[in-house]
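Following full-length UniProt numbering, the numbering of the sequence shown begins with 1 at its first residue and continues without gaps. Where a beta carbon is used, it is the ideal one built from N, C-alpha and C, also for glycine. All of these numbers come straight from a predicted model, not from anything done at the bench. First up is the structure itself, then whatever we jot down about it.
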Amino acid sequence: MSETTWFIIAIIMYMALMLAIGYWSYRKTDKYDDYVLADRGLNPFVAAMSAGASDMSGWLLMGLPGALFVTGMSELWIAIGLLVGAWANWKWVAPRLRSYSEVANNSITLPSFFENRLHDKSRILRIVAAGIIIFFFTFYVSAGMVSGGRYFEATFGGEYLNGMLIIAAVTVAYTFIGGFLAVSYTDAVQGMIMFASLIIVPVMALIALDNPSDIWTWAASNDYGPYTSGVGNPTYFNMIAGVSAAAIIGNLAWGLGYFGQPHILVRFMALRSPAEAKVGRWIGIGWMLLCILGATATAVIGTVFFSQNPDIAVTDRSAFETVFLDMGRILFHPLLAGLVLTAVLAAIMSTMSSQLLVVSSSLIEDLYKIIRKRLPEENVLINLSRSAVFVVAIVAGILAITPSDTILGLVGFAWAGFGAAFGPLVLASLYWKRLNAPGAIAGMVTGAVVVLAWGTLGGSDIIYEMVPGFIAASVVMIAVTLLTAPPKQEVLEEFDKASHLAAIVNKHEDIDIEVAAAKVERGEL
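Structure below.
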(Lines of atoms letter the chains of each structure in order from A; the text may use other names.)
(Lines give C-alpha, C1' and ligand atoms only; values in the text may rest on other atoms or scores of the structure.)
Protein backbone atom coordinates (compact mmCIF):
# COMPACT_ATOMS: atom_id res chain seq x y z
CA MET A 1 0.00 0.00 0.00
CA SER A 2 1.07 3.58 -0.54
CA GLU A 3 2.19 5.88 2.27
CA THR A 4 -0.96 7.93 1.92
CA THR A 5 -3.15 4.84 2.29
CA TRP A 6 -1.43 3.89 5.55
CA PHE A 7 -1.85 7.46 6.81
CA ILE A 8 -5.52 7.37 5.96
CA ILE A 9 -5.97 4.11 7.88
CA ALA A 10 -4.27 5.60 10.94
CA ILE A 11 -6.37 8.75 10.76
CA ILE A 12 -9.58 6.76 10.37
CA MET A 13 -8.68 4.70 13.47
CA TYR A 14 -8.12 7.89 15.42
CA MET A 15 -11.27 9.59 14.17
CA ALA A 16 -13.33 6.49 15.00
CA LEU A 17 -12.01 6.55 18.57
CA MET A 18 -12.92 10.22 18.97
CA LEU A 19 -16.43 9.66 17.63
CA ALA A 20 -16.85 6.61 19.89
CA ILE A 21 -15.98 8.73 22.93
CA GLY A 22 -18.43 11.32 21.67
CA TYR A 23 -21.19 8.71 21.44
CA TRP A 24 -20.36 7.33 24.90
CA SER A 25 -20.59 10.85 26.29
CA TYR A 26 -23.88 11.41 24.48
CA ARG A 27 -25.35 8.42 26.31
CA LYS A 28 -24.32 9.96 29.66
CA THR A 29 -25.56 13.48 28.91
CA ASP A 30 -29.13 13.90 30.09
CA LYS A 31 -29.22 17.42 31.49
CA TYR A 32 -28.13 20.84 30.26
CA ASP A 33 -25.59 21.10 33.10
CA ASP A 34 -24.15 17.77 31.93
CA TYR A 35 -23.66 19.14 28.43
CA VAL A 36 -22.04 22.37 29.62
CA LEU A 37 -19.97 21.23 32.64
CA ALA A 38 -20.25 17.41 32.98
CA ASP A 39 -22.20 17.98 36.23
CA ARG A 40 -18.91 18.98 37.94
CA GLY A 41 -17.67 15.39 37.93
CA LEU A 42 -14.16 15.49 36.40
CA ASN A 43 -11.42 13.56 38.17
CA PRO A 44 -8.05 15.37 38.46
CA PHE A 45 -6.30 13.28 35.80
CA VAL A 46 -8.92 13.99 33.14
CA ALA A 47 -9.15 17.65 34.19
CA ALA A 48 -5.36 18.10 34.04
CA MET A 49 -4.89 16.32 30.72
CA SER A 50 -7.91 18.04 29.25
CA ALA A 51 -6.70 21.48 30.37
CA GLY A 52 -3.24 20.78 29.00
CA ALA A 53 -4.34 19.42 25.65
CA SER A 54 -6.90 22.17 25.08
CA ASP A 55 -4.29 24.74 26.11
CA MET A 56 -1.34 23.65 23.98
CA SER A 57 -3.14 23.03 20.67
CA GLY A 58 -1.27 22.92 17.36
CA TRP A 59 1.10 25.50 18.80
CA LEU A 60 2.95 22.86 20.84
CA LEU A 61 3.66 20.54 17.92
CA MET A 62 3.78 23.02 15.05
CA GLY A 63 4.07 26.63 16.22
CA LEU A 64 6.70 26.16 18.95
CA PRO A 65 9.01 23.73 17.07
CA GLY A 66 8.80 26.01 14.04
CA ALA A 67 9.69 29.12 16.02
CA LEU A 68 12.57 27.35 17.81
CA PHE A 69 13.82 25.90 14.51
CA VAL A 70 13.94 29.29 12.80
CA THR A 71 14.97 31.63 15.62
CA GLY A 72 16.60 29.49 18.27
CA MET A 73 16.50 29.24 22.04
CA SER A 74 15.34 32.82 22.51
CA GLU A 75 11.85 31.51 21.74
CA LEU A 76 11.99 29.44 24.94
CA TRP A 77 11.03 32.48 26.99
CA ILE A 78 7.45 31.81 25.90
CA ALA A 79 7.64 28.24 27.18
CA ILE A 80 9.13 29.37 30.50
CA GLY A 81 6.40 31.97 30.93
CA LEU A 82 3.73 29.38 30.14
CA LEU A 83 5.10 26.84 32.62
CA VAL A 84 5.18 29.38 35.45
CA GLY A 85 1.76 30.74 34.53
CA ALA A 86 0.17 27.30 34.34
CA TRP A 87 1.59 26.33 37.73
CA ALA A 88 0.32 29.56 39.31
CA ASN A 89 -3.10 29.06 37.72
CA TRP A 90 -3.46 25.57 39.18
CA LYS A 91 -2.06 26.70 42.55
CA TRP A 92 -4.02 29.89 43.21
CA VAL A 93 -6.98 29.95 40.84
CA ALA A 94 -8.17 26.35 40.45
CA PRO A 95 -9.18 25.48 44.05
CA ARG A 96 -10.52 28.94 44.81
CA LEU A 97 -12.58 29.18 41.60
CA ARG A 98 -14.04 25.71 42.17
CA SER A 99 -15.18 26.75 45.67
CA TYR A 100 -16.41 30.21 44.77
CA SER A 101 -18.33 29.11 41.67
CA GLU A 102 -20.21 26.67 43.92
CA VAL A 103 -21.11 29.43 46.39
CA ALA A 104 -21.90 31.98 43.65
CA ASN A 105 -25.21 30.42 42.66
CA ASN A 106 -23.54 27.31 41.19
CA SER A 107 -22.09 29.28 38.24
CA ILE A 108 -21.28 27.09 35.21
CA THR A 109 -19.65 29.64 32.89
CA LEU A 110 -17.08 32.36 33.49
CA PRO A 111 -19.47 35.26 32.61
CA SER A 112 -22.14 33.84 34.93
CA PHE A 113 -19.54 33.55 37.70
CA PHE A 114 -18.57 37.21 37.30
CA GLU A 115 -22.20 38.29 37.46
CA ASN A 116 -23.07 36.09 40.43
CA ARG A 117 -19.87 36.98 42.28
CA LEU A 118 -20.60 40.72 42.10
CA HIS A 119 -24.43 40.48 42.12
CA ASP A 120 -24.61 42.61 38.97
CA LYS A 121 -28.33 43.12 38.32
CA SER A 122 -27.75 45.14 35.15
CA ARG A 123 -26.51 42.03 33.25
CA ILE A 124 -23.92 44.28 31.54
CA LEU A 125 -20.97 42.43 33.07
CA ARG A 126 -22.22 39.07 31.86
CA ILE A 127 -23.12 40.28 28.38
CA VAL A 128 -19.79 42.04 27.82
CA ALA A 129 -17.85 39.00 29.07
CA ALA A 130 -19.80 36.72 26.73
CA GLY A 131 -19.16 39.08 23.83
CA ILE A 132 -15.41 39.02 24.47
CA ILE A 133 -15.45 35.22 24.61
CA ILE A 134 -17.33 34.93 21.34
CA PHE A 135 -15.07 37.44 19.55
CA PHE A 136 -11.67 36.12 20.61
CA PHE A 137 -12.58 32.44 20.51
CA THR A 138 -13.71 32.79 16.92
CA PHE A 139 -10.10 33.72 16.08
CA TYR A 140 -8.81 30.94 18.31
CA VAL A 141 -10.96 28.29 16.60
CA SER A 142 -9.87 29.72 13.27
CA ALA A 143 -6.22 29.16 14.30
CA GLY A 144 -7.06 25.52 14.97
CA MET A 145 -8.60 25.16 11.54
CA VAL A 146 -5.52 26.72 9.96
CA SER A 147 -3.42 24.12 11.79
CA GLY A 148 -5.71 21.41 10.45
CA GLY A 149 -5.33 22.59 6.87
CA ARG A 150 -1.54 22.75 7.14
CA TYR A 151 -1.49 19.34 8.78
CA PHE A 152 -3.33 17.92 5.79
CA GLU A 153 -0.91 19.58 3.37
CA ALA A 154 2.19 18.25 5.13
CA THR A 155 0.84 14.75 5.77
CA PHE A 156 -0.97 13.95 2.55
CA GLY A 157 0.28 16.59 0.16
CA GLY A 158 -3.37 17.45 -0.27
CA GLU A 159 -5.32 20.66 -0.51
CA TYR A 160 -5.31 22.96 2.51
CA LEU A 161 -9.05 23.64 2.28
CA ASN A 162 -10.01 19.95 2.11
CA GLY A 163 -7.96 19.13 5.18
CA MET A 164 -9.37 22.04 7.12
CA LEU A 165 -12.94 20.99 6.36
CA ILE A 166 -12.43 17.30 7.22
CA ILE A 167 -10.78 17.98 10.56
CA ALA A 168 -13.29 20.68 11.45
CA ALA A 169 -16.20 18.36 10.60
CA VAL A 170 -15.07 15.53 12.90
CA THR A 171 -14.28 17.96 15.75
CA VAL A 172 -17.67 19.59 15.46
CA ALA A 173 -19.34 16.16 15.32
CA TYR A 174 -18.12 14.81 18.67
CA THR A 175 -18.45 18.21 20.36
CA PHE A 176 -21.96 18.54 18.95
CA ILE A 177 -23.19 15.19 20.25
CA GLY A 178 -21.22 14.69 23.48
CA GLY A 179 -20.74 18.14 24.99
CA PHE A 180 -18.32 18.83 27.85
CA LEU A 181 -17.87 15.18 28.82
CA ALA A 182 -16.89 14.22 25.27
CA VAL A 183 -14.57 17.20 24.98
CA SER A 184 -12.85 16.42 28.29
CA TYR A 185 -12.30 12.71 27.69
CA THR A 186 -11.22 13.13 24.09
CA ASP A 187 -8.84 15.84 25.31
CA ALA A 188 -7.37 13.42 27.87
CA VAL A 189 -6.77 10.78 25.19
CA GLN A 190 -5.37 13.41 22.85
CA GLY A 191 -3.06 14.69 25.57
CA MET A 192 -1.60 11.22 26.03
CA ILE A 193 -1.09 10.89 22.28
CA MET A 194 0.68 14.26 22.16
CA PHE A 195 2.93 13.29 25.07
CA ALA A 196 3.95 9.94 23.60
CA SER A 197 4.66 11.42 20.17
CA LEU A 198 6.75 14.31 21.48
CA ILE A 199 8.96 11.81 23.27
CA ILE A 200 9.22 9.19 20.50
CA VAL A 201 9.87 11.44 17.49
CA PRO A 202 12.92 13.38 18.76
CA VAL A 203 14.44 10.23 20.31
CA MET A 204 14.18 8.30 17.04
CA ALA A 205 15.49 11.29 15.08
CA LEU A 206 18.48 11.53 17.38
CA ILE A 207 19.25 7.83 16.88
CA ALA A 208 19.06 8.33 13.10
CA LEU A 209 21.78 11.02 13.09
CA ASP A 210 25.29 10.12 11.89
CA ASN A 211 26.78 12.04 14.80
CA PRO A 212 24.21 12.82 17.52
CA SER A 213 26.54 15.24 19.33
CA ASP A 214 26.22 17.62 16.36
CA ILE A 215 22.92 18.87 17.73
CA TRP A 216 24.75 21.06 20.30
CA THR A 217 26.70 23.06 17.71
CA TRP A 218 25.26 22.55 14.24
CA ALA A 219 22.70 25.35 14.03
CA ALA A 220 25.18 27.96 15.29
CA SER A 221 27.79 27.31 12.58
CA ASN A 222 26.15 25.47 9.66
CA ASP A 223 23.46 26.27 7.16
CA TYR A 224 20.04 24.73 7.73
CA GLY A 225 16.45 25.55 6.91
CA PRO A 226 16.12 29.32 6.33
CA TYR A 227 19.88 29.99 6.75
CA THR A 228 21.82 29.71 3.50
CA SER A 229 24.62 32.28 3.83
CA GLY A 230 27.23 29.78 5.00
CA VAL A 231 27.40 30.81 8.67
CA GLY A 232 24.19 29.32 10.05
CA ASN A 233 22.53 31.07 12.99
CA PRO A 234 25.39 32.04 15.38
CA THR A 235 23.05 33.04 18.22
CA TYR A 236 20.87 29.93 17.99
CA PHE A 237 21.76 28.61 21.46
CA ASN A 238 21.86 32.00 23.16
CA MET A 239 18.64 32.94 24.93
CA ILE A 240 19.67 36.58 25.38
CA ALA A 241 21.89 37.67 22.46
CA GLY A 242 19.99 39.76 19.96
CA VAL A 243 16.84 39.68 22.08
CA SER A 244 15.59 42.90 23.62
CA ALA A 245 14.35 43.16 27.18
CA ALA A 246 10.92 44.02 25.79
CA ALA A 247 10.88 40.78 23.78
CA ILE A 248 11.83 38.70 26.82
CA ILE A 249 9.20 40.41 28.98
CA GLY A 250 6.62 39.99 26.23
CA ASN A 251 7.34 36.30 25.85
CA LEU A 252 7.30 35.67 29.60
CA ALA A 253 3.99 37.55 29.73
CA TRP A 254 2.33 34.68 27.90
CA GLY A 255 2.13 33.10 31.37
CA LEU A 256 -0.21 35.87 32.53
CA GLY A 257 -2.70 34.72 29.96
CA TYR A 258 -3.55 31.57 31.91
CA PHE A 259 -5.53 33.51 34.50
CA GLY A 260 -8.06 34.55 31.87
CA GLN A 261 -8.48 31.56 29.52
CA PRO A 262 -12.13 30.41 29.72
CA HIS A 263 -11.48 26.97 28.18
CA ILE A 264 -8.91 26.23 30.91
CA LEU A 265 -10.78 27.86 33.81
CA VAL A 266 -13.90 25.87 33.04
CA ARG A 267 -11.92 22.67 33.78
CA PHE A 268 -11.28 24.00 37.27
CA MET A 269 -14.98 24.67 37.72
CA ALA A 270 -15.76 21.09 36.65
CA LEU A 271 -13.47 19.39 39.19
CA ARG A 272 -15.18 17.05 41.65
CA SER A 273 -13.59 18.93 44.54
CA PRO A 274 -11.30 21.94 45.05
CA ALA A 275 -8.85 19.67 46.90
CA GLU A 276 -8.24 17.71 43.70
CA ALA A 277 -6.61 20.76 42.15
CA LYS A 278 -3.40 19.79 43.98
CA VAL A 279 -3.18 16.42 42.21
CA GLY A 280 -4.27 18.02 38.95
CA ARG A 281 -1.50 20.61 39.25
CA TRP A 282 1.30 18.06 39.40
CA ILE A 283 -0.16 15.95 36.62
CA GLY A 284 -0.76 18.95 34.39
CA ILE A 285 2.57 20.69 34.96
CA GLY A 286 4.54 17.45 34.67
CA TRP A 287 2.85 16.68 31.35
CA MET A 288 3.43 20.21 30.11
CA LEU A 289 7.14 20.28 31.04
CA LEU A 290 7.90 17.00 29.28
CA CYS A 291 5.93 18.04 26.19
CA ILE A 292 7.81 21.35 25.93
CA LEU A 293 11.12 19.51 26.30
CA GLY A 294 10.02 17.20 23.48
CA ALA A 295 9.07 20.12 21.23
CA THR A 296 12.41 21.80 21.95
CA ALA A 297 14.32 18.61 21.19
CA THR A 298 12.39 18.25 17.94
CA ALA A 299 13.55 21.69 16.78
CA VAL A 300 17.19 21.32 17.89
CA ILE A 301 17.59 17.83 16.43
CA GLY A 302 15.72 18.94 13.33
CA THR A 303 18.43 21.46 12.43
CA VAL A 304 20.81 18.53 11.91
CA PHE A 305 18.28 15.95 10.75
CA PHE A 306 17.18 17.97 7.73
CA SER A 307 20.71 19.09 6.90
CA GLN A 308 22.58 15.76 6.76
CA ASN A 309 20.39 14.43 3.95
CA PRO A 310 19.75 16.72 0.96
CA ASP A 311 16.90 14.46 -0.20
CA ILE A 312 14.62 15.49 2.69
CA ALA A 313 13.29 18.94 3.53
CA VAL A 314 10.71 20.69 5.68
CA THR A 315 7.44 21.07 3.79
CA ASP A 316 6.69 24.54 5.17
CA ARG A 317 9.50 26.72 3.82
CA SER A 318 8.32 29.99 5.38
CA ALA A 319 7.48 29.49 9.07
CA PHE A 320 8.86 25.90 9.17
CA GLU A 321 5.88 24.85 11.29
CA THR A 322 5.81 21.32 9.85
CA VAL A 323 9.17 20.22 11.34
CA PHE A 324 7.54 17.69 13.69
CA LEU A 325 5.17 16.38 11.01
CA ASP A 326 7.92 15.89 8.43
CA MET A 327 10.24 14.23 10.92
CA GLY A 328 7.60 11.69 11.96
CA ARG A 329 6.65 10.97 8.34
CA ILE A 330 10.27 10.27 7.37
CA LEU A 331 11.29 8.18 10.40
CA PHE A 332 8.55 5.58 10.74
CA HIS A 333 6.64 2.96 8.79
CA PRO A 334 3.63 4.72 7.24
CA LEU A 335 1.10 3.14 9.63
CA LEU A 336 3.15 3.99 12.73
CA ALA A 337 3.99 7.38 11.27
CA GLY A 338 0.31 8.00 10.72
CA LEU A 339 -0.42 7.13 14.35
CA VAL A 340 2.39 9.41 15.54
CA LEU A 341 1.21 12.22 13.33
CA THR A 342 -2.25 12.02 14.87
CA ALA A 343 -0.59 13.81 17.80
CA VAL A 344 -0.83 17.03 15.84
CA LEU A 345 -4.39 16.23 14.90
CA ALA A 346 -5.08 15.53 18.58
CA ALA A 347 -3.62 18.87 19.61
CA ILE A 348 -5.63 20.74 17.00
CA MET A 349 -8.92 19.00 17.71
CA SER A 350 -8.66 19.12 21.50
CA THR A 351 -8.31 22.89 21.49
CA MET A 352 -10.96 23.49 18.85
CA SER A 353 -13.52 21.33 20.64
CA SER A 354 -12.95 23.05 23.99
CA GLN A 355 -13.25 26.48 22.48
CA LEU A 356 -16.33 25.63 20.45
CA LEU A 357 -18.06 24.40 23.59
CA VAL A 358 -17.13 27.49 25.62
CA VAL A 359 -18.50 29.78 22.89
CA SER A 360 -21.63 27.68 22.64
CA SER A 361 -22.11 27.89 26.41
CA SER A 362 -21.71 31.67 26.36
CA LEU A 363 -24.20 32.08 23.54
CA ILE A 364 -26.86 30.04 25.32
CA GLU A 365 -26.11 30.37 29.05
CA ASP A 366 -24.92 33.98 29.05
CA LEU A 367 -26.95 35.58 26.25
CA TYR A 368 -29.97 33.49 25.25
CA LYS A 369 -31.05 32.52 28.80
CA ILE A 370 -30.94 36.08 30.14
CA ILE A 371 -33.18 37.48 27.39
CA ARG A 372 -35.77 34.73 27.64
CA LYS A 373 -38.40 35.39 30.30
CA ARG A 374 -39.43 31.75 30.27
CA LEU A 375 -36.70 29.16 29.80
CA PRO A 376 -37.32 26.15 27.52
CA GLU A 377 -36.92 22.55 28.63
CA GLU A 378 -33.52 20.91 29.20
CA ASN A 379 -33.45 19.07 25.88
CA VAL A 380 -34.20 22.31 24.01
CA LEU A 381 -31.29 24.08 25.74
CA ILE A 382 -28.97 21.21 24.84
CA ASN A 383 -30.05 21.34 21.20
CA LEU A 384 -29.60 25.10 21.13
CA SER A 385 -26.06 24.66 22.47
CA ARG A 386 -25.36 22.11 19.76
CA SER A 387 -26.65 24.49 17.11
CA ALA A 388 -24.38 27.23 18.48
CA VAL A 389 -21.36 24.91 18.11
CA PHE A 390 -22.19 24.50 14.43
CA VAL A 391 -22.69 28.23 13.79
CA VAL A 392 -19.41 29.25 15.44
CA ALA A 393 -17.55 26.58 13.47
CA ILE A 394 -18.86 28.00 10.20
CA VAL A 395 -17.76 31.55 11.04
CA ALA A 396 -14.30 30.37 12.15
CA GLY A 397 -14.02 28.27 9.00
CA ILE A 398 -14.68 31.27 6.80
CA LEU A 399 -11.86 33.17 8.55
CA ALA A 400 -9.52 30.19 8.11
CA ILE A 401 -10.03 29.83 4.35
CA THR A 402 -7.33 32.43 3.65
CA PRO A 403 -5.16 32.68 6.80
CA SER A 404 -3.31 35.98 7.08
CA ASP A 405 -1.00 35.07 9.97
CA THR A 406 1.06 32.21 11.40
CA ILE A 407 -0.52 29.77 13.82
CA LEU A 408 1.51 31.31 16.64
CA GLY A 409 0.35 34.80 15.61
CA LEU A 410 -3.34 33.86 15.61
CA VAL A 411 -3.06 32.06 18.94
CA GLY A 412 -1.04 34.91 20.44
CA PHE A 413 -3.70 37.48 19.58
CA ALA A 414 -6.56 35.50 21.14
CA TRP A 415 -4.44 34.48 24.15
CA ALA A 416 -3.59 38.11 24.88
CA GLY A 417 -7.21 39.15 24.48
CA PHE A 418 -8.45 36.72 27.12
CA GLY A 419 -5.47 37.21 29.40
CA ALA A 420 -5.86 40.98 29.50
CA ALA A 421 -9.66 41.10 29.60
CA PHE A 422 -10.28 38.32 32.13
CA GLY A 423 -6.97 37.66 33.93
CA PRO A 424 -6.99 40.64 36.32
CA LEU A 425 -10.73 40.22 36.86
CA VAL A 426 -10.45 36.52 37.76
CA LEU A 427 -7.69 37.18 40.30
CA ALA A 428 -9.55 40.15 41.80
CA SER A 429 -12.82 38.22 41.95
CA LEU A 430 -11.16 35.47 43.95
CA TYR A 431 -8.92 37.51 46.24
CA TRP A 432 -10.12 41.13 46.44
CA LYS A 433 -13.17 41.63 48.62
CA ARG A 434 -13.66 45.28 47.65
CA LEU A 435 -14.10 44.60 43.90
CA ASN A 436 -17.37 45.90 42.47
CA ALA A 437 -19.24 45.57 39.17
CA PRO A 438 -18.29 48.97 37.65
CA GLY A 439 -14.61 48.24 38.25
CA ALA A 440 -14.95 44.75 36.78
CA ILE A 441 -16.67 46.01 33.64
CA ALA A 442 -14.24 48.88 33.13
CA GLY A 443 -11.18 46.67 33.59
CA MET A 444 -12.48 43.93 31.32
CA VAL A 445 -13.34 46.31 28.49
CA THR A 446 -10.03 48.16 28.86
CA GLY A 447 -8.04 44.94 28.59
CA ALA A 448 -9.83 43.83 25.42
CA VAL A 449 -9.65 47.25 23.76
CA VAL A 450 -5.95 47.79 24.53
CA VAL A 451 -5.07 44.37 23.08
CA LEU A 452 -7.06 45.10 19.93
CA ALA A 453 -5.62 48.59 19.51
CA TRP A 454 -2.06 47.57 20.34
CA GLY A 455 -2.08 44.72 17.84
CA THR A 456 -3.86 46.68 15.11
CA LEU A 457 -1.54 49.69 15.36
CA GLY A 458 1.62 47.59 15.25
CA GLY A 459 2.51 47.87 18.93
CA SER A 460 3.15 44.12 19.07
CA ASP A 461 6.42 44.81 17.22
CA ILE A 462 7.55 46.65 20.37
CA ILE A 463 6.15 44.33 23.05
CA TYR A 464 3.52 41.59 23.17
CA GLU A 465 0.08 43.13 23.56
CA MET A 466 -0.57 41.07 26.69
CA VAL A 467 1.73 43.37 28.69
CA PRO A 468 0.02 46.73 28.08
CA GLY A 469 -3.40 45.07 28.06
CA PHE A 470 -2.96 43.32 31.42
CA ILE A 471 -1.45 46.39 33.07
CA ALA A 472 -4.09 48.78 31.73
CA ALA A 473 -6.94 46.46 32.72
CA SER A 474 -5.56 46.10 36.25
CA VAL A 475 -5.05 49.82 36.77
CA VAL A 476 -8.48 50.77 35.43
CA MET A 477 -10.24 48.01 37.37
CA ILE A 478 -8.64 49.08 40.66
CA ALA A 479 -9.15 52.80 40.03
CA VAL A 480 -12.81 52.55 39.04
CA THR A 481 -13.55 50.18 41.93
CA LEU A 482 -12.05 52.56 44.48
CA LEU A 483 -13.78 55.59 42.95
CA THR A 484 -17.24 54.02 43.01
CA ALA A 485 -19.48 52.68 45.74
CA PRO A 486 -18.30 49.56 47.59
CA PRO A 487 -20.19 46.29 47.04
CA LYS A 488 -23.27 45.56 49.10
CA GLN A 489 -23.04 43.72 52.39
CA GLU A 490 -24.46 40.53 50.89
CA VAL A 491 -21.60 40.45 48.36
CA LEU A 492 -19.03 40.86 51.13
CA GLU A 493 -20.65 38.12 53.20
CA GLU A 494 -20.67 35.77 50.24
CA PHE A 495 -16.96 36.46 49.66
CA ASP A 496 -16.27 35.48 53.27
CA LYS A 497 -18.29 32.29 52.86
CA ALA A 498 -16.38 31.36 49.70
CA SER A 499 -13.04 32.01 51.40
CA HIS A 500 -14.12 29.96 54.40
CA LEU A 501 -15.29 27.10 52.17
CA ALA A 502 -11.97 27.09 50.29
CA ALA A 503 -10.08 26.86 53.60
CA ILE A 504 -12.27 24.02 54.87
CA VAL A 505 -11.95 21.98 51.69
CA ASN A 506 -8.20 22.53 51.62
CA LYS A 507 -7.91 21.24 55.18
CA HIS A 508 -10.36 18.34 54.81
CA GLU A 509 -9.67 17.01 51.33
CA ASP A 510 -12.19 14.17 51.51
CA ILE A 511 -15.18 16.38 52.35
CA ASP A 512 -18.05 16.65 49.85
CA ILE A 513 -17.97 20.15 48.36
CA GLU A 514 -21.75 20.44 47.98
CA VAL A 515 -22.39 19.31 51.55
CA ALA A 516 -19.70 21.67 52.84
CA ALA A 517 -21.10 24.58 50.83
CA ALA A 518 -24.58 23.97 52.24
CA LYS A 519 -23.23 23.86 55.80
CA VAL A 520 -21.23 27.04 55.30
CA GLU A 521 -24.36 28.73 53.98
CA ARG A 522 -26.26 27.69 57.12
CA GLY A 523 -23.37 28.70 59.39
CA GLU A 524 -22.75 25.15 60.55
CA LEU A 525 -19.09 25.12 59.48
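Along the chain, where does the alpha helix (DSSP H) containing residue i start, and where does it finish?
| i | result |
| --- | --- |
| Gly250 | 245 to 252 |
| Gly66 | 64 to 70 |
| Gly41 | Run containing Gly41: none; DSSP gives neither H nor E here. |
| Met15 | 3 to 28 |
| Arg98 | 94 to 103 |
| Asn116 | 110 to 118 |
| Glu521 | 513 to 522 |
| Glu490 | 489 to 507 |
| Trp87 | 76 to 88 |
| Gly397 | 378 to 400 |
Could you tell me if residue i is buried or exposed, where buried requires 16 or more neighbouring beta carbons within 10 angstroms of its beta carbon?
| i | result |
| --- | --- |
| Ser429 | buried |
| Thr481 | buried |
| Thr402 | exposed |
| Trp282 | exposed |
| Arg374 | exposed |
| Asn309 | exposed |
| Ser2 | exposed |
| Asp326 | buried |
| Trp77 | buried |
| Gln190 | buried |
| Asp496 | exposed |
| Arg317 | exposed |
Which same chain residues end up closer than 8 Å to residue i when comparing Cβ atoms and leaving out the 5 residues on each side of it in sequence?
| i | result |
| --- | --- |
| Gln355 | Ser54, Phe137, Tyr140, Val141, Gly144, His263 |
| residue 538 | The chain is shown only over 1 to 525; residue 538 falls outside these bounds and no answer can be derived. |
| Ile285 | Leu83, Ala86, Trp87, Trp90 |
To the nearest angstrom, how far is it from the Cα of residue i to the Cα of residue j?
| i | j | result |
| --- | --- | --- |
| Gly66 | Glu521 | 52 Å |
| Ile348 | Gly149 | 10 Å |
| Asp39 | Ile127 | 24 Å |
| Thr296 | Ile134 | 33 Å |
| Val359 | Ile513 | 27 Å |
| Lys433 | Asn105 | 18 Å |
| Thr322 | Val395 | 26 Å |
| Ala420 | Ser107 | 22 Å |
| residue 526 | Val300 | Nothing about residue 526 can be reported from this structure: the residues present for the chain run from 1 to 525 only. |
| Asn222 | Phe306 | 12 Å |
| Thr71 | Tyr464 | 17 Å |
| Tyr26 | Ala246 | 48 Å |
| Met56 | Val426 | 21 Å |
| Ile124 | Pro111 | 10 Å |
| Ala518 | Tyr431 | 22 Å |
| Leu457 | Gly41 | 44 Å |
| Asn379 | Lys369 | 14 Å |
| Thr342 | Phe422 | 32 Å |
Only counting the same chain, and skipping five residues up and downstream in sequence, which positions put a Cβ closer than 6 Å to that of residue i?
| i | result |
| --- | --- |
| Gly22 | Tyr174, Ile177, Gly178, Ala182 |
| Ala94 | Phe268, Ala277 |
Looking only at its chain, what residues have a beta carbon closer than 7 Å to the beta carbon of residue i, apart from the 5 residues adjacent to it on each side?
| i | result |
| --- | --- |
| Val340 | Ser197, Ile200, Val201, Gly328, Phe332 |
| Tyr227 | Asn233 |
| Ile330 | Ile312 |
What are the complete alpha helix (DSSP H) segments, minimum 4 residues, inside the segment 193 to 272? If we require 4 residues or more, the alpha helix (DSSP H) runs fully inside the segment 193 to 272 come out as 218 to 221, 245 to 252, 262 to 269.
Can you list, in chain order, the stretches of the alpha helix (DSSP H) that have 4 or more residues and sit fully within the segment 270 to 338? Inside the segment 270 to 338, DSSP marks whole alpha helix (DSSP H) runs of 4 or more residues at positions 277 to 305, 323 to 331, from first to last along the chain.
Suppose only complete runs of 4+ residues qualify. What are the alpha helix (DSSP H) ranges in the segment 402 to 484, listed by chain order? For the segment 402 to 484, whole alpha helix (DSSP H) runs of length 4 or above, ordered along the chain, are 407 to 431, 437 to 456, 466 to 483.
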